């Protein structure tokens, strides 16, 4: 059971990082960014090329992935989403835009990077071994430990940024009440661009981090987006703590489900549980944005 | 006036002549369809089919086309992405057949292949799926030809090898949670039991899109098998599954009955995938002919890099063209093609030595020859590339 809990914890940390970016964009823009998984995928490819192909240090490639995707996010917001949101009278328009950008990115990636799964050399190689897994022992690879640790550090840094810095407070203000924030002198346009850039940057960072253990391929985005949606629905769309809790819950549900249930039933049960949960708690665990 | 009339006549003649030439060029184009998954996580399955067909077409077209019935035909590949969606696959098949295409390579999985079966029958066309459902190839079905070696053909051979050569006594099965992978798992379990192997896990599966395989492999390892069989595993998943198993301390054999790619295994899992057994075509250096080497170079030129899956998928179009060359009436009548399938045989151009034949097989499994006779090659990954473990033939 200890191995199952370790698996759940590692998976949960990773999922929380993925969900944070999505919830950030939703809270600021009220846009469900369907391209979040594709941004994760692009982050993976940035690290694949910089670290795997051009042999730059991993800790240079990883921030580069976050920065590159932050730029992509800022550009998407400036040139795609802001014009649509400014002119659209229906919410569906921004959703369609998000779906369109997801398809665009996936097809561009397929053309540019090919159909193959890609991987990079181990950043750290080794394993913490506490007995044989088959006999109840626990194993944690250094790579998984590194990924979980970086995910936790990034989450803490983001929470500190949002809580204690001026741009972070502006983000919270825009999320809570856009008009009130504007009246208080907050540059809403710049702040939403910053929010989108942070969300996309987090997706890129997660992709760049996880390419070291999972590899990456051009089609990886859609499934990841689906899981990210589950996480933020559980935690409450637009709520930072909700994304973290949602990610951890899904990680543990997956690990425990695969251990106790037939594999094909695990995700079925997760979806059924989510539906039942949302019937009784439609806003998720933590209710309204940035509360 | 006369001059003007002559000029008009000349222009008219020129246009008529150009029109006739265009018509002749139109007549001399042979269109081949490809219908399969070319996007998403399983994109490599369909894209490799597409790239293989395009590479073959390029090679023939560079020589002026393929000679059928004394006429040279330029090959044109029409490839459509079904996104692994049966509805899209049917739409694609309808589009291709309504365009007059008689031979279609794909689709890639049972659900999409079964969905297009009625379309093929209605349009009197023939398709070459990479799906293993027996109802596609056994009577009364008569519109599909299996493009590769099926899991239920190679599985028993592999398990027997594991039992006799590697001392495997118990085996666990893990499938991708899709209908064909689950079918492969059920058939593998039966085959393993028949060989007297103890099956420690017979129904475990993982969701397509899973990236962290630690949870699912943890459960498998707890059953203490000597070997793990990955049923219907996608090339993107295989290295991660190998890596998770080795990270969790599993020391037994790992195998799959689907084709894989050595570059992907090397990049994602490296030495942790050493010993992984999978199905190959003719891509390993030990068995490939000069024609295969030339094909690999052409494929690299066309796509940018080689994919070992193509070693299996190179065969379908080559065999289609060979039958059409033998009996040009099959260009427009697939019934003629089907009759030829019963007896057709040619030296396998892709295996060195010239003694291996390429023909239609499958009589033992489907009651008739409705399968491309791809050599039954089992590879083992050595941490960097595949080595041929053994080569066999499918019972006919």
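Protein chains in written order, with my numbering: chain A, 46 to 336; chain B, 98 to 493.
Yeah, the Cβ is synthetic: ideal placement off N, Cα and C, and Gly gets one too.
Note that this is a predicted model, so its numbers are computed, not measured.
### Task
Note down the Cα distance separating residue 233 of chain A from residue 151 of chain A, rounded to an integer number of angstroms.
30 Å
### Where residue 364 of chain B meets chain A, residues with beta-carbon distance less than 8 Å
Within chain A, the residues near residue 364 of chain B are 97, 162, 163, 164, 165 and 260.
### Query
Can you round the beta-carbon distance between residue 90 of chain A and residue 261 of chain A to whole angstroms, since I take them to be within the 8 Å contact cut?
6 Å
### Message
Please identify the residue among B/456, B/362 and B/249 whose C-alpha is closest to the C-alpha of residue 331 of chain B.
### Response
Nearest of B/456, B/362 and B/249 to residue 331 of chain B, Cα basis: B/362.
### Message
Between which residues of its own chain and residue 404 of chain B is the CB-CB distance below 6 Å, once the five residues before and five after are set aside?
### Response
145 and 358
### Task
Take residue 414 of chain B and list the residues in its own chain whose beta-carbon comes closer than 6 Å to its own, dropping the five residues that flank it on each side.
150 and 153
### Task
Please classify residue 121 of chain B: does DSSP put it in a helix, a strand, or coil?
Confidence is the limiting factor: at residue 121 of chain B the pLDDT is only 47, short of 50, which leaves the residue's position unreliable, though a coordinate-based value still follows. Helix, per DSSP.
### Message
What ranges does the beta strand (DSSP E) occupy inside the stretch 279–353 of chain B, keeping only unbroken runs of at least 3 residues that lie completely in it?
### Response
295–303 and 324–328
### Query
Which stretch, first to last residue, makes up the alpha helix (DSSP H) that contains residue 233 of chain A?
233–259
### Query
Shortest alpha-carbon distance to residue 166 of chain B belongs to which of B/490, B/453 and B/427?
Looking at B/490, B/453 and B/427, the one whose alpha-carbon comes closest to that of residue 166 of chain B is B/427.
#### Entry: Same chain, Cβ closer than 7 Å to residue 308 of chain B, neighbours up to 5 away in sequence not counted
337
#### Entry: Under 9 Å from the C-beta of residue 185 of chain B: neighbouring residues of chain A
Within 9 Å Cβ-Cβ: nothing; residue 185 of chain B doesn't reach chain A, min ~14 Å.
### Query
How would you write the range of the alpha helix (DSSP H) that residue 228 of chain A sits in, first residue to last?
223–228
### Query
Does the stretch 259–273 of chain B come close enough to the stretch 238–250 of chain A to have 3 or more Cβ pairs within less than 8 Å?
no
### Message
Against chain A, with Cβ distances strictly below 8 Å, would residue 344 of chain B count as a contact?
### Response
yes
### Distance, residue 285 of chain A Cα to residue 65 of chain A Cα
6 Å
### Message
Distance check for residue 252 of chain A and residue 88 of chain A, CA to CA, integer angstroms please.
### Response
5 Å
### Message
Determine, for residue 481 of chain B, whether the minimum Cβ-Cβ distance to residues of chain A falls below 8 Å.
### Response
Not one chain A Cβ lies under 8 Å of residue 481 of chain B.
### Query
Given a limit of 8 Å on CB to CB distance, which residues of the stretch 241–267 of chain B reach chain A?
none
#### Entry: Contact set between residue 361 of chain B and chain A, taken where Cβ atoms lie within less than 7 Å
161 and 162
### Task
Mind checking which residues open and close the beta strand (DSSP E) that includes residue 473 of chain B?
Counting along the chain, the beta strand (DSSP E) containing residue 473 of chain B begins and ends at 473–478.
### Query
Is the shortest distance between the beta-carbon of residue 83 of chain A and the beta-carbons of chain B less than 8 Å?
no
### Query
Interface residues of chain B around residue 172 of chain A at Cβ under 7 Å?
Identification of chain B residues near residue 172 of chain A by a Cβ-Cβ cut-off of 7 Å yields 344, ordered along the chain.
### Message
Under 7 Å, CB to CB, which of the residues in the stretch 61–87 of chain A have a partner in chain B?
### Response
none
### Query
Does the Cβ-Cβ distance between residue 243 of chain B and residue 469 of chain B come in under 8 Å?
yes
### Query
Given residue 119 of chain B, which residues of its chain have a CB within under 7 Å of its CB, disregarding the five upstream and five downstream residues?
Because residue 119 of chain B carries a pLDDT of 43, less than 50, the predicted location of this residue cannot be relied on, and no value is offered for it.
### Query
Between the C-alpha atoms of residue 317 of chain B and residue 298 of chain B, what's the straight-line distance to the nearest angstrom?
7 Å
### Message
I'd like to know whether the C-beta atoms of residue 248 of chain A and residue 94 of chain A end up nearer to each other than 8 Å.
### Response
No; because the gap between Cβ atoms is not below 8 Å, this pair is not in contact.
### Message
What does the Cβ neighbour count give for residue 209 of chain A, buried or exposed, with the cut at 16 atoms within 10 Å?
### Response
exposed
### residue 181 of chain B burial status per 10 Å Cβ neighbour count (16 or more: buried)
Around the beta-carbon of residue 181 of chain B, 16 or more other beta-carbon atoms lie within 10 Å, marking it buried.
### Query
Is the stretch 261–278 of chain A close to the stretch 125–141 of chain A, with three or more CB pairs under 8 Å?
With a cut-off of 8 Å on Cβ pairs, the stretch 261–278 of chain A is not in contact with the stretch 125–141 of chain A, counting fewer than three such pairs.
### Query
Would you call residue 300 of chain A buried or exposed, if buried means 16 or more other Cβ atoms sit within 10 Å of its Cβ?
buried
### Query
What residue does the alpha helix (DSSP H) around residue 158 of chain A start on, and which one ends it?
136–158
### Task
Return the chain-ordered list of same chain residues with a C-beta closer than 6 Å to the C-beta of residue 199 of chain B, the five sequence neighbours on each side being excluded.
So the list reads 222 and 431, once near-sequence residues are dropped.
### Task
Kindly list, in the order they appear in chain B, the residues whose Cβ is closer than 7 Å to that of residue 312 of chain A.
What residue 312 of chain A touches in chain B: 304.
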